[in-house]
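Chemist: Please find one structure pasted underneath; my questions will follow.
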Amino acid sequence: MSSEYVLETKDLSLSYGDNQVVNNVSVGFKEKAVTALIGPSGCGKSTLLRTFNRMNDFIDVFSHSGEVLFRGKDIYNSPLDVTDFRRNVGMVFQKPNPFSSSIKKNITWGPKINGYQGDFDELVETSLKKASLWNEVKDKLNSSGLDLSGGQQQRLCIARAIAMDPSVILMDEPCSALDPQSTAAIEKLITELQENYTIIIVTHNMQQAARISEDTAFMYEGDLVEVGETSQLFSSPEHKLTQDYIGGRFG
Amino acid sequence: MSQASSPTVPVVASKNQKNRGGETLENPKFIPNHSGRRMREYAFRAVIVSATLAALFILIVLTVNVFKQGLPWLDQQFLTSFPSRFPERAGIKSAIWGSVWLGGFTLLFSVFFGVGAALYLEELAPKNRINRILEVNISTLAGVPSIIYGMLGLTLFVRIMAFERSVLAGGLTLSLLIMPVIIIATREALKCVPDDIRLGAAALGATKWQAVRDHVLPAAMPGVLTGIILAMARAVGEAAPLIMIGALSYVAFVPESAFDAFTALPIQIFNWTSRPKEEFHALAAAGIIVLLGFLLVCNSIAILLRLKWKDHRR
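So this is what it looks like as structure tokens:
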């Protein structure tokens, strides 16, 4: 029944202390597709995203009720080790955050600490190629990741996530700190990556959601208002709220 | 640029008149009070410059005085002899080696426990009320007089743990003394490491220890090392807690194990200054020069380490 979805939530509510920020959300994410999460600031979309790799564990007052299923298993109530789980669900952050070490070490660190058995040089090359960064950095693999431009840093972070061979990649407004040219490069990359990965992307940019995603979920004040095929949702939204938001009347 | 038709010309002209009465800048909503502000600017500058000069002046007077008295006594014989009741035969060898042993033990224990405690409190322990109470208490400990640590060391290390008046007991006591400083400095350095790094590491399936070991601690290292340098400088110059635990002032041998009795540079200096004979005061000055040199060497090593660390991480 749930096999259609890689990742799925059931009646998921998320709170920071007494403040509930996501209310009873049930939504599924299709395998090897890009799903966009849109909605105005503070609607809970980033919190929802961070639940999918249990990043909210780092916030002491965070609590949840309901289920988050990864391939049918509840990630909050399973014997699965949380680090093993995060290996399967990569994440790209809003601000590029490469480690302050060489480009090569940025890629190999994650696999190394998780006991990767393959050839590291090969892994560096394939990961950077998949992130369309190889040609720009192949001659300076030992220079610092922080010396790259913002757009290159973000692609390095994507390469770093890919190197872990995840099935899902979460992206939290990955282009919001980048210029239009770098944004275009990342968007192109995302459409290439969806052939092999399930991508969930939070974005403030509705054109971006329309351009790159297959499905779109619209959230408002913690509620999931509408979810469906992107073309459908943008051309004939079912709810008035969705229509108003997409039409630019608020948000 | 020399084109006279440029529209910036009127502004340049008014700048030449020191911005005063330049008609183009007139705006009745603002009364800039240039002369008053400029005067206060000069006054402020005068105060901070004189504060710097005062500190510098005192330092120079002290140093010149010490060097004038001590330099004639500072020779090969002074550095390689044991203390003696004849000033011309007295030396500082046992104090130098005592301080080296003490510094080594202090560094070992205070860095291990201090950095360890800071890592636990900052990275692993939940940020709850107990943690905050601990933080305040540790800050308070940093201000406790060193003689109190001497009493603690006397009870704990010398008596209960029966290390006697050994260099080990001294090193442990000094470690206790500077541990709060190291904990505070390390915590501050860790707080300055952006959370991006921790989250980025965690997203790759790292445990907390892996993230701290490979990314957070290296990023905080310059700050941690600065804290350790300052703390060690304090430990090496301390006499009171060591006198309290019973360090000797007449030691005619170099410590050969952790359980040997010892003296240290500040104790030897203190001992010499409290003697009536004038020559011993000059010897104390020579001892101070040695202590200054000792600190200078330690700090230089630490700074070199820090620079090397930065290069290495590139």
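Chains A and B, in that order, are what the protein sequence lines are. This note's numbering puts the first residue of the first sequence at 530, with every later residue one more than the last. This note's numbering puts the first residue of the second sequence at -19, with every later residue one more than the last. All C-beta atoms, glycine included, are put in the ideal place defined by N, C-alpha and C. From a predicted model like this one, the values you see are computed outputs, not experimental measurements.
I believe D752 of chain A touches V731 of chain A by the beta-carbon criterion, under 8 angstroms. Please report the beta-carbon distance rounded to the nearest angstrom.
Modeler: Contact flag wrong, Cβ pair sits at about 16 angstroms.
Chemist: Who are S592 of chain A's beta bridge partners in DSSP?
Modeler: Answer is A:S544, bridged to S592 of chain A.
Chemist: So does the stretch 89 to 104 of chain B actually touch the stretch 166 to 175 of chain B, counting three or more Cβ pairs closer than 8 angstroms?
Modeler: Yes, the stretch 89 to 104 of chain B touches the stretch 166 to 175 of chain B.
Chemist: So that I know if they touch, is there some Cβ in chain A lying closer than 8 angstroms to that of P106 of chain B?
Modeler: For P106 of chain B, the answer is yes, since a Cβ of chain A falls inside 8 angstroms of its Cβ.
Chemist: Measure the Cβ-Cβ separation of I632 of chain A and G674 of chain A and say whether it is below 8 angstroms.
Modeler: Taking 8 angstroms as the Cβ cut-off, I632 of chain A and G674 of chain A qualify as a contacting pair.
Chemist: Pull up the CB-CB distance for M693 of chain A and P625 of chain A, whole angstroms please, since I reckon it's below 8 angstroms.
Modeler: Incorrect: roughly 17 angstroms between the Cβ atoms, too far for contact.
Chemist: Taking 8 angstroms as the CB-CB cut-off, is I177 of chain B touching chain A?
Modeler: With 8 angstroms as the cut-off, I177 of chain B counts as an interface residue toward chain A.
Chemist: List the residues of chain B that D589 of chain A touches, going by C-beta distances under 7 angstroms, in chain order.
Modeler: Within chain B, the residues near D589 of chain A are P106, K107.
Chemist: For L180 of chain B, return the contacting residues in chain A, with the cut-off set at a CB-CB distance below 9 angstroms.
Modeler: The question names Leu, but residue 180 of chain B is Gly in the sequence shown. Within chain A, the residues near G180 of chain B are M620, F622, N626, P627, F628, C686, R689.
Chemist: Can you tell me which residues form a DSSP beta bridge with Y749 of chain A?
Modeler: For Y749 of chain A, which the question treats as bridged, DSSP gives the partners A:D752.
Chemist: If the criterion is Cβ atoms closer than 8 angstroms, does the pair A241 of chain B and L228 of chain B meet it?
Modeler: Yes; because the gap between Cβ atoms is below 8 angstroms, this pair is in contact.
Chemist: If you check the beta carbons only, do I691 of chain A and F581 of chain A fall under 8 angstroms apart?
Modeler: For I691 of chain A and F581 of chain A, no; Cβs fall outside 8 angstroms.
Chemist: For chain B, check one thing: does any of its Cβ atoms lie closer than 8 angstroms to the Cβ of N725 of chain A?
Modeler: Answer no: the Cβ-Cβ gap between N725 of chain A and chain B never drops below 8 angstroms.
Chemist: Output needed for L591 of chain A: all residues of its chain with C-beta closer than 8 angstroms, excluding positions within five of it in sequence on either side, in chain order.
Modeler: Inspection of the sequence shows that residue 591 of chain A is occupied by Phe rather than by Leu. If we look at F591 of chain A and ignore the five residues flanking it on each side, its Cβ neighbours are L543, S544, Y545, N585.
Chemist: So, with DSSP's three-state summary, where would you put K(-5) of chain B?
Modeler: With a pLDDT of 46 at K(-5) of chain B, under the threshold of 50, the predicted position of this residue should be treated as unreliable, and no value is reported.
Chemist: Going by DSSP, what residue range makes up the alpha helix (DSSP H) through T120 of chain B?
Modeler: It spans 109 to 121 - the alpha helix (DSSP H) in which T120 of chain B sits, taken as one unbroken run.
Chemist: By a C-beta neighbour count over all protein chains shown, 10 Å radius and 16 as the cutoff for buried, is I281 of chain B buried or exposed?
Modeler: The residue is exposed, with fewer than 16 neighbouring Cβ atoms inside 10 Å.
Chemist: From V116 of chain B to A199 of chain B, what does the alpha carbon distance come to, in whole angstroms?
Modeler: In a straight line, the C-alpha of V116 of chain B is about 25 angstroms away from that of A199 of chain B.
Chemist: Is DSSP giving F558 of chain A helix, strand or coil here?
Modeler: The answer is strand: DSSP assigns F558 of chain A an E or B state.
Chemist: Can you tell me the Cα-Cα spacing of E767 of chain A and Y749 of chain A, whole angstroms?
Modeler: The straight-line gap from Cα to Cα measures roughly 14 angstroms.
Chemist: Does the Cβ of D650 of chain A have 16 or more other Cβ atoms within 10 Å, making it buried, or fewer, making it exposed?
Modeler: Per the 10 Å Cβ criterion, exposed.
Chemist: Does L184 of chain B get closer than 8 angstroms to chain A when you measure Cβ to Cβ?
Modeler: Yes, L184 of chain B lies at the interface with chain A (some Cβ there is under 8 angstroms from its Cβ).
Chemist: K559 of chain A to L536 of chain A, Cα distance in whole Å?
Modeler: Going from the Cα of K559 of chain A to the Cα of L536 of chain A covers about 7 angstroms.
Chemist: How about A199 of chain B: is its C-beta nearer than 8 angstroms to some C-beta of chain D?
Modeler: The structure shown has no chain D; the protein chains it does contain are A and B.
Chemist: Could you tell me which of A:C704, A:V550, A:Y774 sits nearest to I741 of chain A, measuring between CA atoms?
Modeler: When each option's Cα is compared against that of I741 of chain A, the closest is A:C704.
Chemist: Could you spell out the range, first to last residue, of the alpha helix (DSSP H) harbouring I636 of chain A?
Modeler: Note, I636 of chain A: alpha helix (DSSP H), 632 to 642.
Chemist: Would a check of beta-carbon distances place Q190 of chain B closer than 8 angstroms to chain A?
Modeler: By this cut-off, Q190 of chain B is an interface position.
Chemist: Report the partner residues of V731 of chain A according to the DSSP bridge assignment.
Modeler: Beta-bridge pairing links V731 of chain A to A:L566, A:D701.
Chemist: Which of the three DSSP states is assigned to F274 of chain B in this structure?
Modeler: Correct three-state label for F274 of chain B: helix.
Chemist: Which residues in chain B sit within 9 angstroms of I604 of chain A, going by Cβ to Cβ distance?
Modeler: Those within 9 angstroms of I604 of chain A in chain B number zero; the least Cβ separation is about 13 angstroms.
Chemist: Which of helix, strand or coil does DSSP assign to G757 of chain A?
Modeler: G757 of chain A falls in the strand class under three-state DSSP.
Chemist: What separation, rounded to the nearest whole angstrom, lies between the Cα atoms of I40 of chain B and S30 of chain B?
Modeler: The alpha-carbon atoms of I40 of chain B and S30 of chain B are separated by roughly 15 angstroms.
Chemist: Answer with buried or exposed for I283 of chain B, where buried requires no fewer than 16 other C-beta atoms within 10 angstroms of its C-beta.
Modeler: Its Cβ having fewer than 16 others within 10 Å, I283 of chain B is exposed.
Chemist: Note down the Cα distance separating Q549 of chain A from P627 of chain A, rounded to an integer number of angstroms.
Modeler: Each residue's Cα considered, the two are about 32 angstroms apart.
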